[in-house]
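Asker: If you scroll down you'll find the structure; I have some questions about it.
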Amino acid sequence: MMRQLAVLPVMLLAVLGTLTAGPVRAELQIQITEGVDKAIPVAVVPFGWQGSGTPPPLDAAAIIAADLARSGRYAPMDRQDMLQRPTSSAEVDFGSWRIQNTDVLVIGRVVETGAGQYDLQFQVFDVLRGQQLLGYRQPATTADFRRSSHRAADIIYEKLTGIRGIFSTRIAYITVVRGSGRIAGKTSFRLVVADADGENPKVMVESPEPLMSPTWSPDGRKLAYVSFEAHRSEIYVQDLRSGTRQRVSARPGVNGAPAWSPDGRRLALALSRQDGNLDVYTLDISAQMPTRLTTSPAIDTEPAWSPDGQLIYFTSDATGGPQIYRVPSDGGKIQRVTFEGSYNARPRVSPDGKQLAVVHNDRGNYRIALFDLARSTIQVLTDGRLDESPSFAPNGEVLIYATREGSRGVLATVSADGRIKQRISAVEGDVREPAWSPFSPN
Amino acid sequence: MTSLRTLAAVLVVALVTACAGPSKSTMDDSAAAAAAGSGAASSGVNDGSMGQGGSLDGSMSGSGGALGGPGASQENRVIYFDFDRFDVKPEYNAILQAHSRYLVANPTAHIRLEGHADERGSREYNIGLGEKRAQAVRNVLLLQGATSSQISTVSFGEERPAVIGSDEEAWSLNRRVEIVYGP
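Protein chains in written order, with my numbering: chain A, 1 to 442; chain B, 1 to 183.
Dropping the structure here:
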């Protein structure tokens with residue numbers, strides 16, 4: 001009964017979010033602030049149309065070109081500069097593209113295969129060699145046309161770089177919109193899920209009380225997060241498609257920092273119980289029994305699982321300032337991991353398990369740094385004053401994090417080698433606590 | 001509820017301003033504009049003197065009613081902390097004693113201690129700091145005779161700043177525990 005009552009308002013909010021998606025659309029605007037010195041010139045020619053009905057409303061080639069540009073590695077040619085617009089390989093004149101200094105050419109066609117059903121047929125060419133690198137057919141529907149176009153970009157990117165693309169992934173984040181007056185103004189917290197390019201934002205939860213710490217289930221279908229809607233911290237798990245949710249922890253004291261185990265069965269979390277001191281626990285989601293992993297009088301929080309599920313990294317101030325420690329996920333000996341610097345907090349483990357992204361105090365500035373677990377070295381990636389909440393893209397190539405633009409909270413991405421940087425700001429309010437989704441199932 | 005808390009925060013700023021002499025606004029635009037709208041402006045808070053304005057001395061020589069209990073002025077219901085610290089500074093002993101006297105005298109009275117942190121560092125760690133601060137104040141009140149059933153704690157970390165801004169002044173006003181009377 002409790003549970004059903006709790007679910008109802010969220011479903012109403014979800015509806016409200018859809019209704020108000022027009023005017024309050026928290027569209028994110030992405031700007032590349034630093035790219036690689038020599039982005040590879042690529043031409044993505046507008047796709048042809050083969051069908052009897054009306055073509056789909058979206059422009060697949062434009063979506064693919066924008067994705068490649070956002071990677072920072074490719075520089076797509078402006079359409080008005082294209083001297084030819086081939087849609088089949090027979091029409092391609094490599095000499096002409098060479099004169100225009102294009103290295104990579106992408107052409108394609110949208111082929112109608114049924115009512116509201118299509119194939120995106122596309123080919124990728126190495127212009128210098130005059131060779132086809134890839135031919136592919138990606139099914140699409142009217143409803144998932146945008147997602148399918150991102151998938152096409154993923155496939156092209158993987159062919160060109162050897163790295164799995166992340167254009168069809170999503171990001172979850174929190175937005176905070178404060179009213180105009182300090183007294184009269186109402187603050188609104190929203191948990192939003194958008195495509196990785198910031199399009200298609202959907203408000204999952206809206207509350208006048210803080211929302212925090214969104215984290216993805218390994219299958220990409222659910223989010224766990226902290227809500228203060230009951231004027232205290234509680235952890236919820238919410239299904240993204242249906243909007244239904246379950247309150248999984250509302251124990252006395254703090255319920256915070258949820259992190260999903262790689263097998264999806266457990267959450268690691270921070271609980272204070274009665275004594276007011278945070279410790280790291282795991283919680284079997286269906287059995288609801290918490291297992292305590294730390295017992296120190298220090299603040300132990302922000303757990304993160306290693307990809308194999310064996311270890312949990314966490315923040316602890318057991319020696320004064322916050323540092324990273326680790327403990328076996330089934331309990332055991334606690335080991336300190338970071339020693340360099342006065343402040344290392346909120347670890348996130350890279351998909352290959354070899355590095356931790358942390359919030360690191362760099363001469364008085366809070367910045368995102370990568371800690372190499374084998375070599376115990378730390379590399380600062382960002383240059384802000386108050387950078388926080390790093391989250392790895394599922395291919396490990398890029399991190400998204402929260403930073404400031406003036407007094408506003410905005411998101412930014414940085415490549416793991418520190419070379420490519422982007423700024424992502426919302427149209428209104430602050431954006432914070434980004435969480436990159438896992439790869440979505442095909 | 002929320003608006004009361006916001007009002008309280010603005011009052012804190014106003015009171016500090018009143019005690020600190022000429023105002024020097026260093027808040028960001030939105031906060032400065034908002035503060036101006038309420039007739040106050042941010043001011044130099046440079047040491048641990050906040051929360052010990054003139055009314056504290058005045059009420060100490062008087063009945064003591066304004067120091068503790070639900071009638072306490074807003075500045076006597078906020079305890080401030082140093083960066084990354086959760087020890088209660090001795091200057092707050094008088095305020096906390098007045099609150100525990102009220103709780104002892106009124107066994108059915110109940111307070112909520114709301115712990116907060118400044119915006120620096122990671123958010124969940126700051127939840128831990130806010131909780132530690134609330135617990136530190138709770139422990140002082142328990143030592144002074146209040147009972148544990150009279151006190152609940154909640155930590156908002158950096159999620160509910162009293163003052164918007166990214167400078168020492170704003171940070172020092174946000175590292176706090178607010179004493180809220182009620183269920």
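Positions of the beta carbon are idealized from the N, C-alpha and C atoms, including for glycine. If you're wondering where the values come from, they're calculated on a predicted model, not measured in any experiment.
For B:D57, I'd like the list of residues in its chain whose CB is within less than 6 Å of its CB, leaving aside the five on either flank, ordered along the chain.
Answerer: On the second sequence, position 57 is the one that residue 57 of chain B refers to. The predicted position of B:D57 is uncertain, since its pLDDT is 34 and thus under 50; a value taken from the coordinates is nonetheless stated next. Result list for B:D57: empty, nothing under 6 Å.
Asker: So A:V127 and A:F94 are supposed to be a Cβ contact under 8 Å. How far apart are they, rounded?
Answerer: Position 127 of the first sequence, counting from 1, holds the residue named residue 127 of chain A. Position 94 of the first sequence, counting from 1, holds the residue named residue 94 of chain A. So it is a contact: roughly 6 Å between Cβ atoms.
Asker: Could you check which residue in A:W49, A:S71, A:P56 has the C-alpha nearest to that of A:Q31?
Answerer: In the first sequence, the residue the question calls residue 31 of chain A occupies position 31. Comparing Cα-Cα distances from A:Q31 to each of A:W49, A:S71, A:P56, the minimum goes to A:S71.
Asker: Where does A:I424 sit, in a helix, a strand or coil, going by DSSP?
Answerer: Reading the first sequence from its first residue, position 424 is the one you call residue 424 of chain A. Here A:I424 sits in strand by DSSP.
Asker: Which runs of the alpha helix (DSSP H), 4 residues or longer, sit entirely within the segment 88-131 of chain B?
Answerer: You should have 93-105.
Asker: For the alpha helix (DSSP H) that contains A:L68, what are its first and last residues?
Answerer: Within the first sequence, numbered from 1, the residue matching residue 68 of chain A stands at position 68. Counting along the chain, the alpha helix (DSSP H) containing A:L68 begins and ends at 60-70.
Asker: Suppose only complete runs of 3+ residues qualify. What are the beta strand (DSSP E) ranges in the segment 339-426 of chain A, listed by chain order?
Answerer: Runs of the beta strand (DSSP E) inside the segment 339-426 of chain A: 344-349, 355-362, 365-372, 377-380, 388-392, 398-405, 408-415, 421-426.
Asker: Quick check on B:R160 - is its C-beta less than 8 Å from some C-beta in chain A?
Answerer: Reading the second sequence from its first residue, position 160 is the one you call residue 160 of chain B. True, the Cβ-Cβ gap to chain A drops below 8 Å.
Asker: Give a yes or no on whether the C-beta atoms belonging to A:T169 and A:R423 are separated by under 8 Å.
Answerer: Walking along the first sequence from the start, residue 169 of chain A turns up at place 169. Walking along the first sequence from the start, residue 423 of chain A turns up at place 423. Their beta carbons are not under 8 Å apart, which means A:T169 does not touch A:R423 by this criterion.
Asker: Which stretch, first to last residue, makes up the alpha helix (DSSP H) that contains A:G95?
Answerer: Within the first sequence, numbered from 1, the residue matching residue 95 of chain A stands at position 95. Element bounds for A:G95: 94-99.
Asker: Out of A:S407, A:Y325, A:I420, A:R419, point me to the one whose CA is closest to B:I164's CA.
Answerer: Position 164 of the second sequence, counted from the first residue, corresponds to residue 164 of chain B. Selected option, being the one with the closest Cα: A:S407.
Asker: Can you find a C-beta in chain B that's less than 8 Å from the C-beta of A:T338?
Answerer: What you label residue 338 of chain A is simply residue 338 of the first sequence in a count that begins at 1. A:T338 does not count as touching chain B.
Asker: Below 8 Å on C-beta distance, what does A:A345 contact in chain B?
Answerer: Mapped onto the first sequence, residue 345 of chain A falls at position 345. What A:A345 touches in chain B: G121, S122, Y125.
Asker: Take the Cβ of A:E397 as the centre, count every other Cβ of all protein chains shown within 10 Å, and call the residue buried at 16 or more, exposed below.
Answerer: Here residue 397 of chain A corresponds to residue number 397 of the first sequence, with the count starting at 1. Buried: at least 16 other Cβ atoms inside 10 Å.
Asker: Using a C-beta cutoff of 8 Å, does A:Y366 count as contacting chain B?
Answerer: For the purposes of this step, residue 366 of chain A is taken as the residue at position 366 of the first sequence. Closer than 8 Å: yes.
Asker: Look at the Cβ atom of A:L269, then the Cβ atom of B:E131, and state whether they are nearer than 8 Å.
Answerer: One-based indexing of the first sequence puts residue 269 of chain A at position 269. One-based indexing of the second sequence puts residue 131 of chain B at position 131. Cβ distance not < 8 Å, so A:L269 and B:E131 don't count as in contact.
Asker: Is the CB of B:E178 under 8 Å away from at least one CB in chain A?
Answerer: On the second sequence, residue 178 of chain B is found 178 positions in, with the first residue counted as 1. No, no contact with chain A.
Asker: At what residue ranges does the segment 90-140 of chain A contain a whole run of the beta strand (DSSP E), taking only runs of 3 or more?
Answerer: If we require 3 residues or more, the beta strand (DSSP E) runs fully inside the segment 90-140 of chain A come out as 104-114, 117-126.
Asker: Below 8 Å, how does it come out for the segment 364-378 of chain A and the segment 334-344 of chain A: are there three or more Cβ pairs, yes or no?
Answerer: A contact exists between the segment 364-378 of chain A and the segment 334-344 of chain A.
Asker: Since A:K186 sits in a beta bridge, which residues does DSSP pair it with?
Answerer: By one-based count along the first sequence, residue 186 of chain A stands at place 186. Answer is none; A:K186 lacks a bridge partner.
Asker: Throw me the rounded Cβ distance for the A:T301 and A:G256 pair, which I believe falls under 8 Å.
Answerer: Here the question's residue 301 of chain A lines up with position 301 in the first sequence. Here the question's residue 256 of chain A lines up with position 256 in the first sequence. Going by Cβ atoms, the distance from A:T301 to A:G256 rounds to 6 Å, so yes, they are a contact pair.
Asker: Which one or two residues does DSSP pair with A:Q238 in a beta bridge?
Answerer: By one-based count along the first sequence, residue 238 of chain A stands at place 238. DSSP, once it has assigned bridges, lists A:L223, A:R245 as partnering A:Q238.
Asker: In three-state DSSP terms, what is A:I40?
Answerer: One-based indexing of the first sequence puts residue 40 of chain A at position 40. Three-state DSSP puts A:I40 in a strand.
Asker: Sorted by chain position, which residues of the same chain lie with C-beta nearer than 6 Å to B:L173's C-beta, five sequence neighbours on each side aside?
Answerer: Looking up residue 173 of chain B in the second sequence gives position 173. Hits under 6 Å: A162, V163.
Asker: For A:P208, which of A:D195, A:D219, A:I174 has the nearest alpha-carbon?
Answerer: Position 208 of the first sequence, counted from the start, is the residue given in the question as residue 208 of chain A. Here the closest residue by C-alpha is A:I174.
Asker: So B:Q135 and A:G276 are supposed to be a Cβ contact under 8 Å. How far apart are they, rounded?
Answerer: As a working note, residue 135 of chain B is residue 135 in the second sequence. As a working note, residue 276 of chain A is residue 276 in the first sequence. Confirmed, about 3 Å.
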